[in-house]
Amino acid sequence: MIATWELEELAALASRAQRILVSTGAGVSAESGIPTFRDAQTGLWAKHDPVMLASVEGFRRDPATVWRWYEERRASMRAAQPNPGHSALAQWEALWTGLGREFTLATQNIDGLHQRAGSRSVIELHGSIWEVRPDGGGFEHAFRLEDCPLPSLPPVDSGGRLLRPNVVWFGEMLDPRNQGRAFELARRCDLLIVAGSSSVVYPAAALPLLALEAGGAAVAEINPQPTELSGLVHYRIPWPSGKALPELLRRIEGHLA
Ligand code: BJW
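Quick note on this note's numbering: the sequence shown kicks off at 392 and runs consecutively.
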């Protein structure tokens, strides 16, 4: 059972925050029915090495298999709806923008559900499953490809070049513009919340560490399960994000009233 004083204390502090960064992971979409990254490797996919499904080496070895995994996930993401956690974050951003304060989401999720819920200031650290780019081409060559299912696998462009999902795989650099912006916000925010991430994959997992190092921010974690970050944060809310975020926003609104 959560100590509600911790949520209340976080809400009081959050209501005074001028610059908020929320870092989200797969757990935030779990209540929309989208399996987390680790859970997406169950069933038929359990026999595949996760690093091979999400690395350029694995893709080049067997693009059709990797694309089948992405097709399955695209179908589940297409069918999903934003949940109350996504909606609370979108409402919180609108409230903060209206107050002339800053509110940014840095998400590891590739599903686009934050944007569908109405969030505008979203940094997609690991790209988007709804975009593709030619294999070997940089982020600047990405374009939207939202057909689901795709007419053929693996997809190719009009010149016959193999297309890949515009996501960031293991061993690949993040888009430096996204990483740079997220790092800068982490260093200068006054509240950073990590919601629904196992906090094991870098550089995204570095965001709360940068905020703690800079010393000016309160750092909170929302996750029903403890993570490697849990022992370092000022506030830990062990609830599902679809319950914690709306409750936090309700209390913040109470403080602002
Ligand atoms: C709830 C909930 C609810 C459930 N409410 N919560 C050692 C060896 C090899 C590599 C490395 C190494 N050390 C560091 C690296 C680098 C590597 C890395 O960090 N590896 C770690 C595994 C150790 N990082 C990289 O390679 C990155 N690039 C990089 O570092 O470049 C520089 C470089 C290049 C070359 C050489 C050296 C340096 C790139 C990382 C890209 C990650 N990409 C993926 C795939 C994206 C596309 C796709 O989805 O298909 O991103 S991997 C996967 O993990 C995906 C996710 O975004 C990411 C993080 O997962 P997330 O979001 O935390 O989800 P889960 O599933 O792990 O956890 C869900 C959590 O939710 C759980 O805690 C639940 O409890 C919780 N939850 N329900 C709230 N209702």
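By construction, the Cβ of each residue, glycine as well, lies at the ideal position given by its N, Cα and C atoms. No experiment lies behind these values; they were computed from the predicted model shown.
Within 8 Å, strictly: CB atoms of residue i and residue j
i    : j    : result
L404 : A609 : yes
E515 : T495 : no
L576 : P599 : no
E604 : R627 : no
W630 : P617 : no
C539 : R464 : no
G633 : E422 : yes
G518 : A471 : no
S406 : F561 : no
Q570 : E493 : no
S590 : L636 : no
W483 : G503 : no
L444 : W458 : no
P545 : P454 : yes
G416 : G529 : no
I643 : A485 : no
Residue closest to residue i, alpha-carbon to alpha-carbon, out of the options
i    : options                   : result
A508 : G550, G476 and D453       : G476
E462 : S632, R429 and L541       : L541
H625 : L636, G606, A635 and I643 : G606
G550 : D526, E563, L565 and V559 : D526
Terminal residues of the alpha helix (DSSP H) in which residue i lies
i    : result
G503 : First-last for G503: undefined, no H or E at that position.
P652 : This structure does not reach residue 652, given that the chain is present from 392 up to 648, and the question cannot be answered.
S406 : T395 to R407
Rounded distance between the beta-carbons of residue j and residue i, thought under 8 Å
i    : j    : result
L536 : V523 : 5 Å
L639 : L398 : 6 Å
Extent of the continuous beta strand (DSSP E) run through residue i
i    : result
I520 : G518 to P525
S414 : R410 to T415
A421 : A421 -> not in any beta strand (DSSP E); alpha helix (DSSP H) instead, spanning G418 to A421.
I613 : A609 to I613
V513 : V513 to E515
V624 : Per DSSP, V624 belongs to no beta strand (DSSP E) and is neither H nor E.
V558 : L554 to V558
* Length at least 3, wholly inside the region 571 to 603: the beta strand (DSSP E) runs in chain order -> 582 to 586
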